[in-house]
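Since the structure comes first, as structure tokens, the remarks are kept for the end.
Residue numbers (my numbering), protein chains in the order written: chain L, 21 to 187; chain Y, 38 to 141.
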């Protein structure tokens, strides 16, 4: 069960991410990004991070995607012109990709819990909103307050950047 | 690699592949909008690795880190898109290779 859901979600995530990079039409790219983000949220559920899965759908697949679609609509972005892909680039990407996957699996074996396999229900509720809220408002409360300041600064920055000059 | 038992290395391999695809998008694509979408893929790959390590370790702390990453990513996207709109107003393009000079 865990394995089947992992392989389905992983292949879906990789396919939609590849489609995002490969396709030329900006609206198609945005749809591919939504699919990838929802797949990622489902992967969070398989890792028993339920609150993060909800946040991922609300913030990324909701708010961020609406921003992207608004900008696509506002700017009337055209399709990119095609370029010829050189074989050297393709070989380099495949080589680096193989190396990265090999390196990641090697790094994973260095962890003391590397042999542990995934079993549903072992997370002890660590990913629930209550548990994360406790952590956020106790040990991580300074960071939480700093996040509020960050969002305020970002809001002011966006308003200043998008203001038209009065003259 | 064992296909029936999912371990940490499966998630880290998936995360590194996703990071690589996003990096290819950042390097190969020229539209600033698509570059920003690929940047979201990079952040998501890092998030996936963090949550996976936390899950197999049995600690909820990495999930708090991912929560902050998502917040910062939302702020980054809004600011980045505002800069994109401001650039488009002045230069009438969002192709990265036509934005090579800093003056306008």
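Note that beta-carbon positions come from the ideal geometry of N, C-alpha and C, so glycine has one too.
Predicted, not measured: the structure shown is a model, and the values here were computed from it.
Annotation: residue 185 of chain L is outside any alpha helix (DSSP H) and is labelled neither H nor E by DSSP.
Identification of chain Y residues near residue 162 of chain L by a Cβ-Cβ cut-off of 7 Å yields none; the smallest Cβ-Cβ distance measures about 12 Å. Take residue 175 of chain L, set aside five residues on each side of it, and no residue of its chain has a beta-carbon closer than 7 Å to its own. The Cβ of residue 137 of chain L sits closer than 7 Å to at least one Cβ of chain Y. Taking 9 Å as the upper bound on Cβ-Cβ separation, chain Y lies near residues 113, 116, 117, 120, 121, 122, 123, 124, 125, 126, 127, 128, 129, 131, 132, 133, 134, 135 of the stretch 112 to 135 of chain L. Secondary structure at residue 69 of chain L: coil, using DSSP grouped into helix, strand and coil.
As the crow flies, the alpha-carbon of residue 158 of chain L is around 45 Å from that of residue 115 of chain L. Fully contained in the stretch 72 to 131 of chain Y are the following alpha helix (DSSP H) runs of length 4 or more, in chain order: 98 to 128. DSSP places residue 53 of chain Y in the uninterrupted alpha helix (DSSP H) bounded by 45 to 65.
In terms of beta-carbon proximity, residue 32 of chain L stays away from the interface with chain Y, with every pair separated by 7 Å or more.
Within the stretch 65 to 78 of chain L, contact with chain Y at the beta-carbon level (separation under 9 Å) is assigned to 66, 67, 68, 69, 71, 72, 75, 76. For residue 91 of chain L, the nearest CB of chain Y lies under 7 Å from its own CB, placing it at the interface with that chain. Considered as a whole, the stretch 75 to 115 of chain L harbours 85 to 95 as its complete alpha helix (DSSP H) runs of no fewer than 4 residues, in chain order. Here residue 46 of chain Y is buried, its C-beta having at least 16 other C-beta atoms within 10 Å. The Cβ atoms of residue 63 of chain L and residue 29 of chain L sit closer than 7 Å to each other. It is roughly 33 Å from the alpha-carbon of residue 68 of chain L to the alpha-carbon of residue 113 of chain L.
Less than 7 Å divides the Cβ of residue 103 of chain Y from the Cβ of residue 84 of chain Y. For residue 32 of chain L, the enclosing alpha helix (DSSP H) begins and ends at 22 to 42. The closest CA to that of residue 167 of chain L, considering only Y/107, Y/136, Y/96, is found on Y/107. Here residue 184 of chain L is exposed. Its C-beta has fewer than 16 other C-beta atoms within 10 Å.
When Cβ pairs closer than 8 Å are counted between the two stretches, the stretch 74 to 84 of chain Y is seen to touch the stretch 43 to 60 of chain Y, the count reaching three or more. Residues 50, 53 of the same chain have their beta carbon placed closer than 8 Å to that of residue 88 of chain L, with the five preceding and five following residues left out of the count.
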